[in-house]
Amino acid sequence: MGYWTEGQDKRVGVVGLERSGRAAVRLLAGKGFSVVGMDSKESVPGCEACDVVLRGPHDPAVLDGLDGLVISPGVDPRSAFVTAARELGIPVIGELELGFLSSDATFVAVTGSNGKTTTVTWLAHLLKRAGVNAVLAGNGGVALCDAILDQPDAELIVVEVSSYQLQTIERFRPRAGAVLNVSPDHLARHGSMDQYTRAKARLFENQHSEDVIFLN
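Following this line, the structure appears as structure tokens:
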């Protein structure tokens, strides 16, 4: 866990500099990492917390000297660039995993093809009304790393999770997790309905016997 939370003398790349990527950069820079921001779009805005910003097609040569790679949900973990990083032995995670490793809060996670945003919004609302210091984050709203930085004292984080985010987890463990529904979606990315369903099911893969699963 300390590998991603102790940045001294580590140089890490962040691929994709939209909302999730920028949140990851902000968290990493705050922990002392040297961050190389990368985005395939030439038009991506500047990144103040990045030490270097590389725009345009990703050149595997830039992987030399990196100690890790954090990819945004929109970046396919099977892409040639990410595959090259793994072949070089560079650890690769997503912004969701980075946020989880950087927080001591309890996590409640919701995924599904439809209804995620509505469900997590109501969950966070109900928990707050019950007196719990709960924070809403994830796929549909505030990026998880931003939520952790902005509300470090949160007791519980309700996180909306997409299949893209679940492709890059390692230790992510919600104490309660729900899959609302699974219908054909994002098949161009996942390749088949079976692979899409398997990505959703990763929500539960690190849970323990005392954790809770909710299925439709």
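For the sequence shown, my numbering assigns the number 327 to the initial residue and increments by one for each residue that follows. We treat Cβ as the ideally placed atom computed from N, Cα and C, and that holds for glycine.
query                                                                                                                                             : result
Tell me which residue opens and which closes the beta strand (DSSP E) that Asp365 is part of.                                                     : 360 to 365
Are the beta-carbon atoms of Arg348 and Asp393 separated by less than 8 Å?                                                                        : no
Given a threshold of 16 other Cβ atoms within 10 Å of its Cβ, counted over all protein chains shown, does Gly420 qualify as buried or as exposed? : buried
My guess is that Thr445 and Val436 are in contact by the Cβ rule of under 8 Å, so how many angstroms apart are they, rounded?                     : 5 Å
Answer with buried or exposed for His534, where buried requires no fewer than 16 other C-beta atoms within 10 angstroms of its C-beta.            : exposed
Can you tell me whether DSSP reads Ile419 as helix, strand or coil?                                                                               : strand
Looking at C-alpha atoms only, which residue of Gly358, Glu486, Gly391, Gly363 is the closest neighbour of His384?                                : Gly363
Give the range of the alpha helix (DSSP H) segment to which Arg352 is assigned.                                                                   : 345 to 356
Please tell me whether Asp365 and Leu343 are closer than 8 Å, where the distance is taken between their beta carbons.                             : yes
Would you mind sorting Asp537 into buried or exposed? The rule is 16 or more other CB atoms within 10 Å of its CB.                                : exposed
Are the CB atoms of Leu389 and Leu354 within a distance shorter than 8 Å?                                                                         : no
Where does the unbroken alpha helix (DSSP H) through Phe498 begin, and where does it stop?                                                        : Counting along the chain, Phe498 falls outside any alpha helix (DSSP H), and DSSP gives it neither H nor E.
Specify the secondary structure class of Glu486 as computed by DSSP and reduced to three states.                                                  : strand
Are the C-beta atoms of Arg412 and some chain C residue less than 8 Å apart?                                                                      : The chain labelled as chain C is not found in the depicted structure, where only one protein chain is given.
Using three-state DSSP, classify Ala504 as helix, strand or coil.                                                                                 : strand
Any contact of the region 523 to 534 with the region 469 to 486, i.e. 3+ C-beta pairs under 8 Å?                                                  : no
Measure the alpha-carbon distance for Asp335 versus Gly328 and round it to whole angstroms.                                                       : 13 Å
Is there contact here, the region 426 to 441 with the region 498 to 511, by at least three beta-carbon pairs under 8 Å?                           : yes
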